[in-house]
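Protein chains in written order, with this note's numbering: chain A, 1 to 405; chain B, 1001 to 1405.
Written out as structure tokens, the structure reads:
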């Protein structure tokens, strides 16, 4: 029997307890061992809860109980999750977490402790919820040179953008609807400003390069400036606007960024709508593969946590290599990254197109009826060059969205 | 150093040699060992080939060389692939194959030998080409009760159906185009009759249930009866017609089948076009996830073979459990499986709809201009019940395609 402690009895924590129960037979069959929840750490009381007897309020009970071999951290936030996770590893316990903030901020250190002590620190649920993603990336694609990872990694913003695209809503209207449905927090900053996506693409990049990426170095732009007008052009163009977390890797260089992207219908992420998440991975010999599923939700996320527990059950005495080392992975400045650009400019194209083309080269033009503006899609150029060229049109430019087919 | 032999120097075999070379540094970094190709078995000579020196014509050289620890079977077909793969395992060598025919026919036995001898028999490339699929299924979803696997598992037929949908081609025209492009064989039977898909869904089902499925028990229907007229209705309905390999599991029961399916726009496999493959997996707590990518192609498939070699490099002394045992998994008769049906009937709906509704219940009706026929979509019923009801309309029914939203 393997005894587990679950820290945090909120959505994910209670989901983990539920999945361990629901799939008990399958798990026992697969691991050859019974997985039992000995403690549930939470500051709150849960009178009448079927697991009331396991609730404890004092972390030290878990830390000091040598029978507890795996600890699930499902508290969220960096503190005290970091302190507790580290203490558990130092006490010789494997740790599983669904907490992207913890992994992005302290993954390197916690993985190093796990390696040194022949333990495991796993976090499949921290990116893409239930989608099997980190394990395929570190194991199935282990021999592959990963050239690009692009993901729709945040369900809240994807829901908002889908609403805007389908129903012509403004950002504010779609956000309000998302809040009503419980998809967005009352303070939606972490989602809509791209911070959540930033943590997730940071984790994916660290796993792909094997080096620590500092999430504070990742240029991050959210979706708050995307408007219903942008989607009118998108509809006419047959394109879609999505919040991307992207990492492009070449040799030892990595460009990592979070921003809204306009994408064409042939892009593998084009049809990923509502609260769904998806990640495409391009490898040098593999070509492009895509993983799709519920990026959040109680049971899917808990299912991913349980998959880590099952994995550890087969490796109680050895460290499963993730390849994420203590080395630092510098992030290329945004100015060096290449994009095409969707631009909306004030005025009539008849008056201004010659100037625009003189600056940006042959650009595709899009006009909507009865608008005092027009849009163009430029060819590819570095962001630095684009900014320089765009400076001359500063007063005319109403919107800039990076574009890829 | 780990010495490898590659059997078969055709598309996949030469791809494996190429990927091992191209990604040598990454593979060495990941495994901590150099992977070297010692022999390439092929009946042909390859004068001037950079690997000419490694070419051998006699299997016994590989079988008897104790330095060869991993053998890649990339010959295709069941014989002599089966004989050679078995001999390699019995000689204490790990075996990796991309050969779905071999795995579907002899996987149970070869896995049992590998288990018994503490070796590995891996076959990630046998289903879905480069898409990481089998490892996520057996490892990431190990604790999950898999309820359904549905896949577009054959690139050739998906290309043909995409051509028919987009360009209004007949089956024969689209097949000819696929043959011209090298996507379809001169004898396309294995693809268009669904046999290839049948092998693949059999393998997926055996991994999901842990029991041997006999591919000869799987009801298999290809795409040769799908017509351009069917796609006219599909266009009007906003649906798509795809060749599905499906396995629905409930308790100890498994319904496994291969057939064309009409699917709605919300189905996760709706937008999978051209030669791409994709597999959706529904788990009891996970919800639905989907894996997408190139289902074939030299380098993507070779990349999956190499991922198995890399996996084995970390398990040279132990058997990685796949969960596929010697037990038999009975396949439910097709008559017990539930579907909705898209039916095309001769005549005018005004004359016949009352009879159709009396038989099948409230059915959605679709009419195209200037046709001497109409179509209906029925509610859900077992196939046995459908056949019984449809018998009364035998002379009128021009087409039957199973339907799911």
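Beta carbons are placed, not taken as given, at the ideal position from N, Cα and C, and that holds for glycine.
It should be emphasised that the depicted structure is a prediction, and the values quoted were computed from it without experimental measurement.
Can you tell me which of the three DSSP states residue 1363 (chain B) falls into?
In the second chain, counting from the first residue as 1, residue 1363 (chain B) sits at position 363. Residue 1363 (chain B): coil per DSSP, three-state reduction.
Leaving out the 5 sequence neighbours to the left and right, which residues in its chain are closer than 7 Å to residue 234 (chain A) when beta-carbon positions are compared?
On the first chain, residue 234 (chain A) is found 234 positions in, with the first residue counted as 1. For residue 234 (chain A), where only same-chain residues beyond five positions count, the Cβ hits under 7 Å are 165, 240, 241, 262.
Only counting the same chain, and skipping five residues up and downstream in sequence, which positions put a Cβ closer than 8 Å to that of residue 404 (chain A)?
Mapped onto the first chain, residue 404 (chain A) falls at position 404. So the list reads 261, 262, 263, 264, 267, 339, 340, once near-sequence residues are dropped.
Rounded distance between the beta-carbons of residue 275 (chain A) and residue 296 (chain A), thought under 8 Å
Here residue 296 (chain A) refers to the residue found at position 296 when the first chain is read from its first residue. Here residue 275 (chain A) refers to the residue found at position 275 when the first chain is read from its first residue. Yes, residue 296 (chain A) and residue 275 (chain A) are in contact; Cβ-Cβ is about 7 Å, under 8 Å.
Taking one C-beta from the segment 180-200 of chain A and one from the segment 139-159 of chain A each time, how about it: are there three or more such pairs within less than 8 Å?
yes
Can you check which of these residues, B:1104, B:1082, B:1062, B:1396, is closest to residue 1093 (chain B) by C-alpha distance?
Locating residue 1093 (chain B) in the second chain gives position 93, where the first residue counts as 1. When each option's Cα is compared against that of residue 1093 (chain B), the closest is B:1062.
In chain order, what residues of the segment 134-159 of chain A put their CB closer than 8 Å to some CB of chain B?
135, 136, 139, 140, 141, 142, 143, 144, 145
Grab the span of the beta strand (DSSP E) containing residue 1377 (chain B) for me, first residue to last.
Counted from its first residue, the second chain places residue 1377 (chain B) at position 377. Residue 1377 (chain B) -> beta strand (DSSP E) spans 1373-1377.
Using 8 Å as the threshold, is the segment 1040-1054 of chain B in touch with the segment 386-394 of chain A, meaning 3 or more CB pairs across them?
no
Could you give the distance in angstroms between the alpha-carbon of residue 1278 (chain B) and the alpha-carbon of residue 370 (chain A)?
As a working note, residue 1278 (chain B) is residue 278 in the second chain. As a working note, residue 370 (chain A) is residue 370 in the first chain. Near 43 Å, if we compare the C-alpha coordinates of residue 370 (chain A) and residue 1278 (chain B).
Taking Cβ-Cβ distances below 8 Å as the criterion, which residues of the segment 1309-1324 of chain B are in contact with chain A?
1309, 1310, 1311, 1314, 1321, 1323
Looking at residue 146 (chain A): is its Cβ nearer than 9 Å to the Cβ of residue 282 (chain A)?
Here residue 146 (chain A) refers to the residue found at position 146 of the first chain. Here residue 282 (chain A) refers to the residue found at position 282 of the first chain. Yes, they are a contact pair.
Check whether the segment 1064-1076 of chain B touches the segment 1093-1102 of chain B, taking contact to mean three or more Cβ pairs, one atom from each stretch, closer than 8 Å.
yes
Please list, in chain order, the chain B residues whose beta carbon lies closer than 7 Å to that of residue 131 (chain A).
Mapped onto the first chain, residue 131 (chain A) falls at position 131. Residues of chain B passing the Cβ test: 1289.
In chain B, which residues lie with their C-beta within 8 Å of the C-beta of residue 293 (chain A)?
Here residue 293 (chain A) corresponds to residue number 293 of the first chain, with the count starting at 1. 1286, 1287, 1288, 1289, 1290, listed in chain order.
Could you check whether the Cβ of residue 1207 (chain B) sits closer than 9 Å to any Cβ belonging to chain A?
For the purposes of this step, residue 1207 (chain B) is taken as residue 207 along the second chain, with counting starting at 1. False, the Cβ-Cβ gap to chain A never drops below 9 Å.
How would you list, in chain order, the residues of chain B whose beta-carbon sits under 7 Å from the beta-carbon of residue 30 (chain A)?
Within the first chain, residue 30 (chain A) is the residue found at index 30, counting from 1. Per Cβ cutoff of 7 Å: 1142, 1143, 1323.
For residue 1107 (chain B) and residue 1206 (chain B), believed in contact at Cβ under 8 Å, the rounded distance:
Position 206 of the second chain, counted from the first residue, corresponds to residue 1206 (chain B). Position 107 of the second chain, counted from the first residue, corresponds to residue 1107 (chain B). Confirmed, about 7 Å.
Since residue 96 (chain A) sits in a beta bridge, which residues does DSSP pair it with?
Stepping through the first chain from its first residue, residue 96 (chain A) is reached at position 96. Per DSSP, A:72, A:122.
To the nearest angstrom, how far is the alpha carbon of residue 1124 (chain B) from that of residue 1132 (chain B)?
In the second chain, residue 1124 (chain B) corresponds to position 124, counting from 1. In the second chain, residue 1132 (chain B) corresponds to position 132, counting from 1. Spanning the two alpha carbons is a distance of roughly 7 Å.
Taking 9 Å as the CB-CB cut-off, is residue 1187 (chain B) touching chain A?
As a first step, residue 1187 (chain B) must be located in the second chain, where it is residue number 187. No, because no Cβ of chain A sits closer than 9 Å to the Cβ of residue 1187 (chain B).
Report back the beta-carbon spacing between residue 1111 (chain B) and residue 1322 (chain B) to the nearest angstrom; my notes put them in contact at under 8 Å.
If you number the second chain from 1, residue 1111 (chain B) lands on position 111. If you number the second chain from 1, residue 1322 (chain B) lands on position 322. Right, the Cβ-Cβ distance comes to about 6 Å (below 8 Å), so this counts as a contact.
Bridge-paired residues (DSSP) for residue 1247 (chain B):
Translated into positions along the second chain, residue 1247 (chain B) becomes position 247. Paired residues: B:1149, B:1256.
Coil, strand or helix - residue 201 (chain A) by DSSP:
Taking the first chain and counting its residues from 1, one reaches residue 201 (chain A) at position 201. Three-state result, residue 201 (chain A): helix.
Taking only beta-carbon positions, decide if residue 118 (chain A) is within less than 9 Å of chain B.
If you number the first chain from 1, residue 118 (chain A) lands on position 118. By this cut-off, residue 118 (chain A) is not an interface position.
According to DSSP, is residue 1332 (chain B) part of a helix, a strand, or is it coil?
On the second chain, position 332 is the one that residue 1332 (chain B) refers to. Looking at residue 1332 (chain B) - three-state DSSP - the assignment turns out to be coil, as it is neither helix nor strand.
Is the beta carbon of residue 140 (chain A) less than 9 Å from the beta carbon of residue 1126 (chain B)?
Translated into positions along the first chain, residue 140 (chain A) becomes position 140. Translated into positions along the second chain, residue 1126 (chain B) becomes position 126. No. Outside cutoff.
When DSSP labels each residue in this structure, what does residue 1400 (chain B) get in the three-state scheme?
For the purposes of this step, residue 1400 (chain B) is taken as residue 400 along the second chain, with counting starting at 1. Note: residue 1400 (chain B) maps to strand in three-state DSSP.
Which whole-angstrom value describes the C-beta separation of residue 1394 (chain B) and residue 1335 (chain B), a residue pair presumed to lie in contact below a C-beta threshold of 8 Å?
One-based indexing of the second chain puts residue 1394 (chain B) at position 394. One-based indexing of the second chain puts residue 1335 (chain B) at position 335. 17 Å between Cβ atoms; not a contact.
Contact criterion: CB-CB distance below 9 Å. Does residue 297 (chain A) meet it with respect to chain B?
Translated into positions along the first chain, residue 297 (chain A) becomes position 297. So yes, residue 297 (chain A) belongs to the interface.
Chain A within 9 Å of residue 1038 (chain B), Cβ atoms only
In the second chain, residue 1038 (chain B) corresponds to position 38, counting from 1. No, its Cβ sits nowhere closer than 9 Å to a Cβ of chain A.
Residue span of the beta strand (DSSP E) that contains residue 303 (chain A), given as start and end:
Stepping through the first chain from its first residue, residue 303 (chain A) is reached at position 303. Residue 303 (chain A) -> not in any beta strand (DSSP E); alpha helix (DSSP H) instead, spanning 298-313.
Does residue 54 (chain A) come out as helix, strand or coil in the three-state DSSP assignment?
Reading the first chain from its first residue, position 54 is the one you call residue 54 (chain A). It is helical.
How big is the Cα-Cα spacing for residue 310 (chain A) and residue 26 (chain A)?
Within the first chain, residue 310 (chain A) is the residue found at index 310, counting from 1. Within the first chain, residue 26 (chain A) is the residue found at index 26, counting from 1. So the two alpha carbons sit approximately 10 Å from each other.
Which residue comes first and which comes last in the beta strand (DSSP E) that contains residue 991 (chain B)?
Nothing can be reported for residue 991 (chain B), as the shown portion of chain B is limited to 1001 through 1405.
Span of the beta strand (DSSP E) around residue 15 (chain A):
Position 15 of the first chain holds residue 15 (chain A). Per DSSP, residue 15 (chain A) belongs to no beta strand (DSSP E); it is in the alpha helix (DSSP H), 11-22.
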